[in-house]
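Just below is one structure, and these are the notes that go with it.
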Amino acid sequence: MPRVTFTPHIARHVPCPARDVDGRTVREALDAYFAAEPAVRGYVLDEQGVVRKHVVLFVDGQQTTDRTSLGDRVGEGSVIYVMQALSGG
(Lines of atoms letter the chains of each structure in order from A and count residues from 1; the text may use other names and numbers.)
(Lines give C-alpha, C1' and ligand atoms only; values in the text may rest on other atoms or scores of the structure.)
Protein backbone atom coordinates (compact mmCIF):
# COMPACT_ATOMS: atom_id res chain seq x y z
CA MET A 1 0.00 0.00 0.00
CA PRO A 2 1.29 3.47 -0.79
CA ARG A 3 1.82 5.79 2.17
CA VAL A 4 0.72 9.44 2.12
CA THR A 5 2.67 11.78 4.38
CA PHE A 6 2.68 15.56 4.89
CA THR A 7 5.15 18.20 6.01
CA PRO A 8 4.82 19.54 9.55
CA HIS A 9 3.91 22.95 8.08
CA ILE A 10 0.66 21.60 6.62
CA ALA A 11 -0.01 19.71 9.85
CA ARG A 12 -0.02 23.05 11.70
CA HIS A 13 -3.15 24.01 9.77
CA VAL A 14 -5.06 20.74 9.60
CA PRO A 15 -4.53 17.32 11.18
CA CYS A 16 -3.00 15.12 8.50
CA PRO A 17 -1.45 11.97 9.93
CA ALA A 18 0.60 9.73 7.66
CA ARG A 19 -1.62 6.95 6.38
CA ASP A 20 -1.29 3.82 4.24
CA VAL A 21 -3.92 3.84 1.48
CA ASP A 22 -5.04 1.86 -1.54
CA GLY A 23 -4.29 3.19 -4.99
CA ARG A 24 -2.29 2.64 -8.16
CA THR A 25 -2.03 6.33 -9.09
CA VAL A 26 -1.47 9.50 -7.11
CA ARG A 27 -5.15 10.41 -7.67
CA GLU A 28 -6.43 7.07 -6.35
CA ALA A 29 -4.13 7.22 -3.33
CA LEU A 30 -5.08 10.81 -2.48
CA ASP A 31 -8.80 10.09 -2.96
CA ALA A 32 -8.47 7.21 -0.50
CA TYR A 33 -6.61 9.47 1.93
CA PHE A 34 -9.21 12.26 1.64
CA ALA A 35 -12.02 9.75 2.23
CA ALA A 36 -10.48 9.12 5.65
CA GLU A 37 -9.29 12.72 6.26
CA PRO A 38 -11.71 14.99 4.31
CA ALA A 39 -10.51 18.25 5.90
CA VAL A 40 -7.12 17.87 4.22
CA ARG A 41 -8.47 17.91 0.66
CA GLY A 42 -8.93 21.68 0.49
CA TYR A 43 -5.34 22.29 1.53
CA VAL A 44 -3.99 20.11 -1.27
CA LEU A 45 -6.47 20.41 -4.16
CA ASP A 46 -8.48 23.32 -5.50
CA GLU A 47 -12.19 23.26 -6.36
CA GLN A 48 -11.47 21.53 -9.70
CA GLY A 49 -9.40 18.79 -8.05
CA VAL A 50 -6.09 20.19 -9.32
CA VAL A 51 -3.06 20.45 -7.04
CA ARG A 52 -2.96 23.94 -5.56
CA LYS A 53 -0.32 26.31 -6.91
CA HIS A 54 1.78 26.30 -3.75
CA VAL A 55 1.66 22.55 -3.09
CA VAL A 56 4.18 20.06 -4.46
CA LEU A 57 3.81 16.27 -4.53
CA PHE A 58 6.67 13.78 -4.59
CA VAL A 59 6.46 10.04 -5.18
CA ASP A 60 9.46 8.10 -3.92
CA GLY A 61 11.56 11.26 -3.92
CA GLN A 62 10.63 12.36 -7.46
CA GLN A 63 8.40 15.37 -8.08
CA THR A 64 5.15 14.39 -9.80
CA THR A 65 4.65 15.63 -13.35
CA ASP A 66 0.87 15.46 -13.64
CA ARG A 67 -0.71 18.13 -11.42
CA THR A 68 -4.13 17.93 -13.09
CA SER A 69 -5.23 14.31 -13.41
CA LEU A 70 -2.61 13.03 -10.92
CA GLY A 71 -2.03 9.98 -13.06
CA ASP A 72 1.53 9.29 -11.89
CA ARG A 73 1.83 5.62 -10.94
CA VAL A 74 2.52 4.51 -7.38
CA GLY A 75 3.71 1.12 -6.20
CA GLU A 76 2.86 -0.98 -3.18
CA GLY A 77 5.70 0.50 -1.14
CA SER A 78 5.62 4.03 -2.58
CA VAL A 79 5.62 7.12 -0.41
CA ILE A 80 3.64 10.17 -1.55
CA TYR A 81 5.04 13.24 0.17
CA VAL A 82 2.93 16.42 0.21
CA MET A 83 4.62 19.72 0.92
CA GLN A 84 4.13 23.42 0.41
CA ALA A 85 6.23 24.85 -2.39
CA LEU A 86 8.43 27.86 -1.81
CA SER A 87 7.96 30.79 -4.10
CA GLY A 88 9.17 34.31 -4.41
CA GLY A 89 12.52 35.82 -5.06
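Counting along the sequence shown from 1, when you hit position 75 you're at 75 in full-length UniProt numbering, and nothing is skipped either side.
The beta carbon of each residue, even a glycine, is placed where N, CA and C say it ideally should be.
- Task: May I ask you to report which of helix, strand or coil DSSP gives Val-79?
- Result: strand
- Task: Using only alpha-carbon positions, find the residue among Val-56, Arg-27, Val-59 and Pro-17 that is nearest to Val-40.
- Result: Pro-17
- Item | Inter-residue Cα distance where the pair is Ser-69 and Thr-25 | 10 Å
- Item | CB-CB length for Pro-2 against Ile-80, believed under 8 Å | 6 Å
- Query: What's the C-alpha gap between Leu-45 and Leu-57?
  - Reply: 11 Å
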